[in-house]
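Undergrad: Quick note: our numbering has the sequence shown finishing at residue 245, numbered continuously throughout. Here a beta-carbon is modelled for each residue, glycine too, at the ideal position from N, C-alpha and C. The structure follows.
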Amino acid sequence: MQKIRPVVVISSDAAGRLPIKLIAPITGWDVRYSGNFWHIKIDPKSSNGLAKASAVDVLQARGVDTGRFIKKLGRLDATQMEDIAAAMAALVEHT
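Shown next as structure tokens:
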């Protein structure tokens with residue numbers, strides 16, 4: 151658990167004044183994730199800074215202090231961010 155891991159910052163800058171961002175970790179893609187709506191596949195591109203096919207694990211989203219951030223690797227496109235937002239919404243149970 152003491153290693154550096156890429157993440158997607160999900161929260162907006164307008165979300166508050168605390169130095170905390172909502173993030174979802176990125177892990178290497180595995181074909182077994184294809185049936186999980188909470189794993190969003192991200193293919194490597196120069197714009198996102200990833201070196202291999204990866205998955206955003208929305209189920210593990212959490213708040214993290216921005217002091218833990220080391221560097222920005224890249225940026226996801228609007229469609230990928232919409233897919234992440236839709237997966238997060240699907241995780242919330244409406245009663």
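Using 8 Å as the threshold, is the C-beta distance between A174 and I154 below it?
TA: Residue 174 sits at position 24 when you count from the first residue of the sequence shown. Residue 154 sits at position 4 when you count from the first residue of the sequence shown. No; because the gap between Cβ atoms is not below 8 Å, this pair is not in contact.
Undergrad: Taking the alpha-carbon positions, what's the V242 to A165 distance?
TA: Residue mapping note: residue 242 aligns to position 92 of the sequence shown, counting from 1. Residue mapping note: residue 165 aligns to position 15 of the sequence shown, counting from 1. The alpha-carbon atoms of V242 and A165 are separated by roughly 19 Å.
Undergrad: Can you tell me which residues form a DSSP beta bridge with D207?
TA: As a first step, residue 207 is located in the sequence shown; it is residue number 57 there, counting from the start. Answer by DSSP bridge pairing, in chain order: H189.
Undergrad: Anyone know if the C-beta pair for A205 and K191 falls short of 8 Å?
TA: Taking the sequence shown and counting its residues from 1, the one referred to as residue 205 is at position 55. Taking the sequence shown and counting its residues from 1, the one referred to as residue 191 is at position 41. Yes, the pair counts as a contact, with Cβ atoms nearer than the cut-off.
Undergrad: Since L241 sits in a beta bridge, which residues does DSSP pair it with?
TA: Along the sequence shown, read from residue 1 onward, the residue named residue 241 stands at position 91. Paired residues: none, contrary to the question.
Undergrad: I need the DSSP call for D215, collapsed to helix, strand or coil.
TA: Position 65 of the sequence shown holds residue 215. If DSSP states are grouped into helix, strand and coil, D215 belongs with the strands.
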